[in-house]
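Quick notes on the structure that follows.
There are 2 protein chains.
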Amino acid sequence: MQLHKRDVVEAATTLLDDYGLADLSMRRLARELAVTPGALYWHFANKQQLLGAVADRILAQVQLPHGDWRVQVSDLCGQVRDALLSHTDGAELVSASFAAGQSAAMTTVVDGLAAAVLQAGVTASHAELTARTVVYYVLGFTVDEQSRRQWDAAGADLPAPAPLSDDADARFGYGVALLLDGLSARQRV
Amino acid sequence: MQLHKRDVVEAATTLLDDYGLADLSMRRLARELAVTPGALYWHFANKQQLLGAVADRILAQVQLPHGDWRVQVSDLCGQVRDALLSHTDGAELVSASFAAGQSAAMTTVVDGLAAAVLQAGVTASHAELTARTVVYYVLGFTVDEQSRRQWDAAGADLPAPAPLSDDADARFGYGVALLLDGLSARQRV
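So the protein sequences, as listed, match chains A and B. Taking the working numbering, the leading residue of the first sequence gets 1, the next gets one more, and so forth. Taking the working numbering, the leading residue of the second sequence gets 1001, the next gets one more, and so forth.
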């Protein structure tokens, strides 16, 4: 039976959801698919590339929004957060893939944010940097949120809960709005 | 020989620097110290608590700065980034400990940032949320920066380098300034 690349990515995503990132190894994935590890390396040069493909699968539903630049940025940030939270360790996996430059979908997100902030009057030379600032906030927030959720689900007794922890949407939106206000302020200068 | 808590933290920090977070286990640490794992659990209820103590050790040199609130925020962000970058996987370890509420030093950093932004006119009810927004950016940026540095040092050929990657200080400062501009803009309303 021929092993398709998309079947490998599907199986890896299922393993991720069931066991978490720490237990997602090439060896385990090969066993799950009943193939040799060598068959996986025919599709992916290394584990980083595979994780990048899983990151793209996690972000597959994200759509570049239309409208006012502030709405575009908020909407895109919200979509990325939702996508990451819908898979076990999704935030950690996407952060790692982004840092390794392995996620095409994250490149599209950065490009979309950069195009939006250009409309806010950010210069072309600073648009990608601004987009990355927004992405670092989104990833930092969501990694934290997901860790807390997963520990909570595992019954861990965590001290010092975050303020407003019962309304994570509002907490997330607050930081995005602060960044947008920074951009708006520069627009007025 | 009596096993002191600070000796355990020192040995754990050395293991971290030499082998990275993935290889920092209670078992390995006990072997390094020539004690039984049980001796470690006398000082730390679990690995999360130990990692929290290592996070505090990493952040030990961070000082709450004085002066104008903008200077305080930038300075504190810069100190945290420098501290994280000075240990292997420091950003990842501190992020995880922060999310688990196990790092007293990170609580002090959040409190320091919250006190600074109060001076910017942020209401008391939003000061901690604002401080956390800044922290998420700092952690998101630094996790990314450190991953890239470590892969680079390992000889990995990473595609799509970040813009201005030859000046990480400027890239980091840009995002902090954007958040500060957001706060300043609200101050003027």
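Glycine residues also receive a C-beta, built at the ideal position from the N, C-alpha and C atoms. The model shown is predicted, which means the values in this text are computed figures rather than measured ones.
State the start and end residues of the unbroken alpha helix (DSSP H) segment that holds A/PHE141. 124-153
Applying a beta-carbon distance threshold of less than 9 Å, which residues of chain B neighbour A/ARG171? Result: LEU1129, ARG1132, THR1133.
Ignore the nearest five residues each way along the sequence and tell me which others in A/ALA127's own chain have a CB closer than 6 Å to its CB. ALA114, VAL117, LEU118
With H, G and I counted as helix, E and B as strand and the rest as coil, what does DSSP make of B/PHE1172? helix
What in chain A is Cβ-close to B/PHE1141, meaning under 7 Å? TYR136
If you compare alpha carbons, which of B/ALA1022, B/GLY1067, B/ALA1091, B/GLY1052 is closest to B/VAL969? Within the shown structure, residues of chain B are numbered from 1001 to 1189, placing residue 969 of chain B beyond reach of any answer.
Assuming A/GLY175 and A/PHE141 make a contact with CB atoms under 8 Å, what is their CB distance in whole Å? 6 Å
Which residues in chain A have a C-beta closer than 9 Å to the C-beta of B/ARG1070? List them in chain order. None at all; the shortest Cβ gap to chain A is about 12 Å.
Output, in chain order, the set of chain B residues within a Cβ distance shorter than 8 Å of A/PHE98. Per Cβ cutoff of 8 Å: ASP1144.
Does A/ALA160 come within less than 8 Å of chain B when only Cβ atoms are used? A caution first: A/ALA160 carries a pLDDT of 49, below 50, which makes its placement in the model unreliable, though a value can still be read off. It does: the Cβ of A/ALA160 has a partner Cβ on chain B nearer than 8 Å.
Does A/ASP181 have its Cβ less than 8 Å from a Cβ in chain B? yes
Pairwise C-alpha distance: B/ARG1148 and A/ASP7: Spanning the alpha carbons of A/ASP7 and B/ARG1148 requires a straight line of approximately 29 Å.
CA-to-CA distance, B/GLY1038 to A/GLN79, given in whole angstroms: 45 Å
Do you know how far the Cα of B/LEU1139 is from the Cα of B/CYS1077? 9 Å
Between the stretch 59-68 of chain A and the stretch 92-112 of chain A, are three or more C-beta pairs nearer than 8 Å? yes
Under 8 Å: do the stretch 23-42 of chain A and the stretch 66-77 of chain A share three or more Cβ pairs, one atom per stretch? no
If we count the other Cβ atoms within 10 Å of its Cβ and call it buried at 16 or more, is B/ARG1081 buried or exposed? Label assigned to B/ARG1081: buried.
For a contact meaning CB atoms closer than 7 Å, what does B/ARG1186 contact in chain A? ASP181
Beta-carbon of A/TYR19 versus every beta-carbon of chain B: anything under 8 Å? no
Buried versus exposed call for A/ALA45 [16 or more other C-beta atoms within 10 Å across all chains shown]: exposed
Apply the 10 Å Cβ neighbour rule to B/ARG1031 and answer buried if 16 or more other Cβ atoms are within range, or exposed otherwise. exposed
Is it right to say B/ASP1089 is buried, meaning 16 or more other beta carbons lie within 10 angstroms of its own, or is it exposed? Classified as buried, B/ASP1089 has 16 or more neighbouring CB atoms from the shown chains inside 10 Å of its CB.
Just checking: is the beta-carbon of B/TYR1174 within a distance shorter than 8 Å of some beta-carbon in chain A? yes
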